[in-house]
Amino acid sequence: MPSRGLGRGLQALMAHPLGRSQPDLEQGEKIHWISPELLVCHPFQPRQRIDPQELEELAASIEKQGILQPLVARSVEGRYEIIAGQRRWQAARRLGLKEVPVILREATDRELLEFALVENLQRSDLNPIEEARAYRLLLEKFGATQEEIADRVGKSRASVANTLRLLALPAELQKLLEEGKLTTGHAKALLSLEDEELQKELAAQILAQGWTVRQAEARVAHLREPLGGKPRVKRPSSKDRSPTHWERKLQESLGRRVEISPLSEGGWIKLYYYSDSDLEELLRLLGVSTEEDVP
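The letter at position 225 of the sequence shown is residue 225 when you use the UniProt record's numbering, and the numbering goes up by one with no holes.
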């Protein structure tokens, strides 16, 4: 199965460097003046939370200086889905503006998500859960691989894999990450515990006592010690390590959710994949050839 590369039309969408006051117009393009009521957010917008104070400040700036950078949108069935400029659009609606400047461009759903993801990451606008959900959408809906995503957003595959792992947390803890009450470092410490109730209890302690990431990690290490036991002085052998230890090691190595269930004799390992192309990547990581045998 051939790999589908990310962003085939992304270069056209990102024809202007982020942060410039005026996007470059492609040949044949022009700026359209469109009612904000005809504009809508696209369904793949990764950013779900906008700081109200930030929006107030942007509205005040637009009221004084106008919209300095046109929005970018695509035309879909008589309406316009915003590709770039969601905050400018919301600020314009708040001010009651009748028209806003818009550049219209063509884009597939996949290109739309990629552009929004890259734009928001470059501006540090996404919280860790929003970022993880965008990665998962690229994996599951559009068949991207973790390596392709990493290349597009300028991060390592391990970084993408670790971000995806955040979605294994209970919904309540994901919400705390979204709200900025827990950091990614705290979340990684919590993921070292396999019991969800224990994760929730520790998260409550972190919030109540204002623990740093190091303090949370130390508490996790204590909780993972055998009941009534003392910290080991020597490095444990492979026989001493729990299945959870190896789950974590495999998750870090393969960049995906892993489950190990020991039985009285032996046991089994479950590896998760998110699309056909992701299965291909997993097989490659395991050293399995995906080329068909030629007789």
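Glycine is no exception: its CB is placed at the ideal position from the N, C-alpha and C atoms.
Rounded Cβ spacing between residue i and residue j (contact assumed at less than 8 Å)
i, j, result
"Ile83", "Arg105", "7 Å"
"Phe44", "Leu137", "7 Å"
"Leu254", "Leu285", "6 Å"
"Ile34", "Glu99", "6 Å"
"Leu176", "Pro128", "Contact doesn't hold; Cβ gap of about 11 Å is too wide."
"Glu148", "Arg47", "Not really, about 21 Å apart at Cβ, beyond 8 Å."
Delimiting residues of the beta strand (DSSP E) encompassing residue i
i, result
"Pro170", "It is not in any beta strand (DSSP E) - Pro170 carries neither H nor E in the DSSP assignment."
"Ile83", "Arg79 to Ala84"
"Arg74", "Leu71 to Val76"
"Ile31", "Ile31 to Ile34"
Where the alpha helix (DSSP H) through residue i begins and ends
i, result
"Lys98", "Taken as a continuous stretch (DSSP letters only), Lys98 belongs to no alpha helix (DSSP H), as it is neither H nor E."
"Ala132", "Pro128 to Glu140"
"Gln45", "First-last for Gln45: undefined, no H or E at that position."
"Ala107", "Segment: none, Ala107 is in no alpha helix (DSSP H) and carries neither H nor E."
"Ala221", "Val213 to Leu223"
"Glu148", "Gln146 to Val153"
"Leu283", "Asp276 to Leu285"
Whole-angstrom distance between residue j and residue i, CA atom to CA atom
i, j, result
"Leu169", "Leu191", "7 Å"
"Lys200", "Ile269", "26 Å"
"Tyr274", "Leu173", "23 Å"
"Arg257", "Ile50", "30 Å"
"Glu222", "Arg214", "It is worth fixing the name first, because residue 222 is His in this sequence and not Glu. Roughly 12 Å separates the two Cα atoms."
"Gln205", "Ser242", "25 Å"
"Leu97", "Ala59", "11 Å"
"Gly287", "Arg79", "48 Å"
"Leu202", "Pro70", "46 Å"
"Leu250", "Ala73", "42 Å"
"Glu57", "Leu68", "15 Å"
"Ala116", "Ile103", "16 Å"
"Glu197", "Val220", "13 Å"
"Ala189", "Ser261", "22 Å"
"Glu54", "Gly267", "52 Å"
"Glu194", "Val160", "21 Å"
DSSP bridge partner residues for residue i (one or two, in chain order)
i, result
"Gly267", "Pro262"
"His186", "Per DSSP, none; premise fails for His186."
"Leu39", "Tyr80"
Counting pairs of Cβ atoms below 8 Å between the segment 83 to 100 and the segment 54 to 63, do you hit three or more? Contact holds: three or more Cβ-Cβ distances are below 8 Å.
Are at least three pairs of beta-carbons, each pair with one atom in the segment 139 to 150 and one in the segment 274 to 288, less than 8 Å apart? As far as the Cβ criterion goes, the segment 139 to 150 touches the segment 274 to 288, which means the pair count is three or higher.
Per the contact definition of three or more C-beta pairs closer than 8 Å, is the segment 148 to 164 in contact with the segment 208 to 216? no
The segment 243 to 251 / the segment 149 to 157 touching (three or more Cβ pairs under 8 Å): no
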